[in-house]
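Below is one structure; the comments refer to it alone.
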């Protein structure tokens with residue numbers, strides 16, 4: 001384990017394993033804690049056993065899961081119970097009644113990244129792809145969960161056509177994951193607009209006119 005302070009990383013794994021990620025993070029000075037949801041026998045009902053001593057001081061959170069039916073899949077129960085009000089959001093500074101969600105809030109200053117697999121080809125998730133742009137498909141978790149609670153959201157790692165990978169494809173994917181683990185500190189986050197910077201009108205919470213890129217509509221409005 002690393003001795004360098006300030007590089008605590010929590011890996012939340014809802015699928016298979018994370019050997020590549022854990023190895024690269026360990027080799028590059030991160031103190032790692034791994035939550036394997038299935039090994040933890042994560043249940044649909046809530047009781048005290050679901051809440052262990054997770055590192056609230058972890059500066060980086062990497063979430064590993066697969067997506068199905070345009071939903072959060074096996075991560076949904078974890079999100080429902082961990083990203084709760086008065087922990088992940090809804091906590092104001094003393095004397096400040098406003099809650100700076102979307103770029104502020106409790107988890108500000110930490111970094112988060114999604115590593116996921118999908119069954120379709122990359123072209124299926126392009127701007128004209130039948131499943132819709134991958135940025136739109138992942139918007140509910142990248143913007144609606146991570147950015148909402150204050151994370152700097154790193155671009156996701158997506159394994160396309162995951163169930164059809166041959167050995168060469170698997171090796172290429174492993175290389176991509178390792179490279180991303182090595183560059184977590186230097187990777188530029190997705191440039192979402194933030195509430196605390198005045199990018200949204202109060203109390204309407206609508207994006208200020210003129211900030212959007214030319215031609216941007218829908219989810220694309222909410223990033224520089």
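Numbering (UniProt numbering), first residue to last: 1 to 224. Here a beta-carbon is modelled for each residue, glycine too, at the ideal position from N, C-alpha and C.
**Prompt:** Is the shortest distance between the beta-carbon of residue 189 and the beta-carbons of chain B less than 7 Å?
**Reply:** This model lacks chain B altogether, as it is built from one protein chain only.
**Prompt:** Near residue 125, which residues of its chain fall below 8 Å by C-beta distance, leaving aside the five closest residues on each side in sequence?
**Reply:** Close CB contacts of residue 125 within its chain, under the 8 Å cut and outside five residues either way in sequence, are with 118, 131, 132, 133, 134, 137, 158, 160 (chain order).
**Asked** So which of 193, 147, 203, 80 has the shortest CA-CA distance to residue 213?
**Response** Residue 193 is the option with its Cα nearest to residue 213.
**Endpoints, the beta strand (DSSP E) within which residue 111 is located** = 111-117
**Prompt:** Taking residue 169 as the reference, which of 18, 121, 182 has the closest Cα?
**Reply:** 121
**Request:** Drop a sphere of 10 angstroms on the beta-carbon of residue 1, count the other beta-carbons inside from all chains shown, and report buried for 16 or more, exposed for fewer.
**Result:** In this prediction, residue 1 scores a pLDDT of 23, lower than 50, which makes its location untrustworthy; the coordinate-derived value is nonetheless stated afterwards. Classification of residue 1: exposed, given that the 10 Å Cβ count is below 16.
**Message:** Taking a contact to mean a Cβ-Cβ separation below 7 Å, would you say residue 8 touches residue 24 in this structure?
**Reply:** no
**Item:** Rounded straight-line distance, which links the Cα of residue 40 to that of residue 103
**Value:** 31 Å
**Request:** Taking residue 127 as the reference, give the member of 155, 143, 220, 28 with the closest Cα.
**Result:** 220
**Asked** So residue 82 packs on residue 21, CB below 8 Å; how close in whole Å?
**Response** That belief does not hold up - the Cβ atoms of residue 82 and residue 21 are roughly 19 Å apart, past 8 Å.
**Prompt:** Which first and last residues belong to the beta strand (DSSP E) in which residue 9 is found?
**Reply:** Secondary structure note for residue 9: its beta strand (DSSP E) is the uninterrupted segment 8-13.
**Request:** Can you have a look at residue 202 and say buried or exposed, based on whether 16 or more other CB atoms are within 10 angstroms of its CB?
**Result:** exposed
**Request:** Using the Cα positions of residue 14 and residue 79, report the straight-line distance between them to the nearest angstrom.
**Result:** 11 Å
**Message:** Give me, in chain order, the residues of the same chain whose beta-carbon lies closer than 7 Å to that of residue 149; leave out the 5 immediate sequence neighbours on both sides.
**Reply:** The residues are 83, 88, 89, 105, 106, 107.
**Request:** Look up residue 41 in the DSSP assignment and give the residues it is bridged to.
**Result:** Paired residue(s): none; residue 41 is not in a bridge.
**Asked** If you follow the beta strand (DSSP E) that residue 134 is part of, which residue opens it and which one closes it?
**Response** Looking at the DSSP string, residue 134 is not in any beta strand (DSSP E); the run it does join, the alpha helix (DSSP H), is 134-137.
**Message:** Whole angstroms are fine: how far does the CA of residue 217 sit from the CA of residue 223?
**Reply:** 11 Å
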